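Down below is the structure, laid out as structure tokens.
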Amino acid sequence: MKIVEVRNLTKVYNGKVLAIDKVSFEVEEGEIFGFLGPNGAGKTTTIHILCTLISPTSGLAKVCGFDVTKNPD
Numbered sequence: 014m015k016i017v018e019v020r021n022l023t024k025v026y027n028g029k030v031l032a033i034d035k036v037s038f039e040v041e042e043g044e045i046f047g048f049l050g051p052n053g054a055g056k057t058t059t060i061h062i063l064c065t066l067i068s069p070t071s072g073l074a075k076v077c078g079f080d081v082t083k084n085p086d
């Protein structure tokens with residue numbers, strides 16, 4: 014079972030600052046997953062989207078089957 018599913022996730026701030034560009038990954042139940050990258054790579058932005066703190070510009074993000082892009086509340 015997929016615990017986290019992210020497909021083509023993109024976030025653009027103010028119509029010009031590209032924070033994440035078409036990020037895709039899956040985390041299966043029981044899997045250990047590391048989210049690594051240099052400063053400014055979009056790690057925090059991606060986590061904020063998964064936690065529904067911000068909305069993506071486009072793409073799909075699901076946590077335990079719940080689509081956080083369509084149902085942020």
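Sequential numbering from 14 applies to the sequence shown in the numbering used here. Note that beta-carbon positions come from the ideal geometry of N, C-alpha and C, so glycine has one too. Values in this document were obtained by computation on a predicted structure and should not be read as measured data.
**Study point:** Reduced DSSP secondary structure (H/G/I, E/B, other) of Leu73
**Key:** Position 60 of the sequence shown, counted from the first residue, corresponds to residue 73. Leu73: strand per DSSP, three-state reduction.
Review point. Helix, strand or coil: which one does DSSP assign to Leu49?
Key: Here residue 49 corresponds to residue number 36 of the sequence shown, with the count starting at 1. DSSP places Leu49 in coil when its eight states are reduced to three.
Check your understanding: Cβ of Val17 within 8 angstroms of Cβ of Leu63?
Key -> Your numbering for residue 17 matches position 4 in the sequence shown. Your numbering for residue 63 matches position 50 in the sequence shown. Contact: yes.
Practice item. Please classify Leu63: does DSSP put it in a helix, a strand, or coil? Key: The count along the sequence shown starts at 1 and reaches residue 63 at position 50. It is helical.
Review point. When burial is assigned at 16 or more other CB atoms within 10 Å of the CB, is Lys24 buried or exposed?
Key: Counting from 1 along the sequence shown, the entry for residue 24 is found at position 11. With 16 or more other Cβ atoms within 10 Å, it is buried.
**Study point:** Secondary structure of Thr23, DSSP reduced to three states
**Key:** Counting from 1 along the sequence shown, the entry for residue 23 is found at position 10. Correct three-state label for Thr23: strand.
Point to revise | Residues near Phe38 in its chain [Cβ-Cβ closer than 6 angstroms; skip 5 each side] | key: Working through the sequence shown from its first residue, we reach residue 38 at position 25. Correct list, in chain order: Val19.
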